[in-house]
Amino acid sequence: MKSIRSACKSVALSTLLGKSYFKWHVKRQTAKASAERKRLWEEFQTENPNLADYNKPYCTPRQLVHKLTLEGLVVSDRAIAEEVIFRENYFRFKAYCIPFFNKNTDKFHTGTTFEDLHGLYCADQKLRDFLIPLLAQLEVRIRATVDNVVTSTTSDPFWHINTDYFKNFSDAERALSKAQQRFNQGQQEFVVHYRKRYFTNRSYDYRRTPPFWIISEIFTLEQLLSVCKSLNENCPTFSASAGQSKLETAAKPFGIASYSSLMTNLSCILELRNLCAHHSRLWNRNLKNPAGLKNKHSIKASHPNRLYSHLLMIRLACKAQGISDGIKPFMVNMFATVPVFSRDMANMGFPSDWENDTVWQ
C-alpha cells in the first residue's frame, strides 16, 4: 500500500514538475520571441530613419469635402461631392487632383471645381471601358497566332513543355505550373473532357498537360506573356536562312517587324488591360514604351510613354487585323465633351493636330 502511495506521489510530483517545466519553457520561448521582434523593429527603424508610423485618422466624406474646400477647390453642391467621395473612394479621386494642385501653396489652382475633377474621373472610366474589348480581341488573336506559328514550325502541339525551344524555361515553367493547377481543378466542359480521356507521353512531369491551344485557354495574360517571351528565336528550329527568326511570322499580322517587338507590345497590352480591369487611373499616367511605332505615323507623340503611343499601338495592330477600333471618333468626342480632359491633352502624349495624322485616316 505504501509503495502504491509512494508511486502515486512520484507520478504527481513528476506531473507537477512537468507542468512547471512546460510553463517555464513557454515563458522562456515567449521572452525570446519578444526580444527577437524588438531587435527586428530596432533594425528596421535604423535602416529606415525617414519613415514615420502611419497614424492618420479616418475622415468622413463630409470632413474630406471640407478639407478640399479649405484647399481652394470650388464645390457647388456639397451633398453630391460627399456622395461621390463615399462611393468612389477619396484616395482614388485624389489622384485626379494632382495636376491641379500647387504643392508650394497647398492650394488648388484658382477656379478648379469639383465638377471638373469628377468629370475627368468619369471620362477616365469611359476610356477604360472603351479599351477593354479592343485589348481582349488583340490578346486572343496574338495567342492564336503565336500558337499557329510555333506549332506549325515545330510540328509539336506540346511545344510549350519542350525546353529546347526556350531561352529561359524557368519563367515559362512557373506560368505553366500555375495554369496546370487551375486546369486540374477546372470544371469547364473542355477541361473535364481532356482530363478524363488524355495524357501525353512527352514528359512524365507534364503528363497531364494538354496541348498549347487547350492550356492557353486557362492562361492569364501574364502567363501567356511569360511563356511566349521565353521562346528562343535563335534556337535551330526557329532560325531561318535569311538570318531572321521564323517567329517573326507571328509579328507581321499585327503590323510589327520583329517577334521581340510583338512581345514588348503584348507586355504593354497586359499593363493597359490590368489598369482597365482594376479600375486604375489611365489618364495622365506613365506607361511602358510600345515598340514598332517608328515611321508608322507622321506626327510625333509629345510623350512616348503616355496614352497616345499606346492608342497608336492598338490602332496599328487593329488595322493590320482588320478590326474596326473606333479610337479616333471616341477620343475626338471625349476631348469635345470633357474640357478638362482636352486641356491636358499634351501630357497624355497627344500632338496638337493628332487627328490629322495619316495613321488615323
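Counting in this note's numbering, the sequence shown runs from -11 upward without gaps.
Cβ atoms here follow ideal geometry from the backbone N, Cα and C, with glycine treated the same way.
Predicted model, so just to flag it, every value in this text is computed and none were measured.
Apart from the 5 residues on each side of it in sequence, Leu235 sits with its Cβ closer than 7 Å to the Cβ of Val137, Leu219, Glu221, Phe226 and Tyr247 in its chain, given in chain order. By the Cβ-count criterion, Lys217 is buried, with 16 or more other Cβ atoms from all chains shown falling within 10 Å of its own Cβ. In the three-state reduction of the DSSP assignment, Thr101 falls in the strand class. The residues Ala245, Ser246, Tyr247, Ser249 and Leu250, in chain order, have a CB closer than 7 Å to that of Ala239 in the same chain once the five nearest residues on each side in sequence are set aside. Contact between Val215 and Ala160 holds, with the beta-carbon distance rounding to 5 Å and staying under 8 Å. Note that the C-beta distance between Arg261 and Leu164 is not below 9 Å.
Residue burial is scored here from C-beta neighbours: Val180 has fewer than 16 other C-beta atoms within 10 angstroms and is therefore classed as exposed. Residue pairing from DSSP places Val62 in a beta bridge opposite Thr101. For Met336, there is no enclosing alpha helix (DSSP H), as DSSP marks it with neither H nor E.
Proximity to Pro241 across Met336, Lys307 and Asn77 peaks at Lys307, based on C-alpha coordinates. Secondary structure remark: continuous beta strand (DSSP E) runs of at least 3 residues inside the region 193 to 227: none found.
For the options Ala167, Phe207 and Leu212, the alpha carbon positioned closest to that of Tyr194 is the one of Ala167.
CA-to-CA, the gap between His285 and Trp29 works out to about 55 Å.
In this model, Ala83 and Gln232 are separated by some 45 Å (Cα to Cα). The Cβ neighbour count for Ala23, taken over all protein chains shown within 10 Å, is under 16; the residue is labelled exposed. Annotation: Arg303 to Ser312 spans about 9 Å, alpha carbon to alpha carbon. In this structure, the CA atom of Arg16 is about 32 Å from the CA atom of Ala40. Rounded to the nearest whole angstrom, the C-alpha separation of Leu58 and Leu105 is 16 Å.
Burial check for Thr18: the Cβ neighbour count within 10 Å stays below 16, so the residue is exposed. Taking C-beta atoms under 8 Å as the contact rule, Gly60 and Lys91 fail to qualify, at a distance of about 13 Å. DSSP places Asn321 in the helix class (H, G or I) of the three-state scheme. Under the three-state reduction of DSSP, Asn277 is assigned to coil, being neither helix nor strand. The beta-carbon distance between Ile120 and Cys264, rounded to whole angstroms, is 5 Å. This is short enough to meet the 8 Å contact definition.
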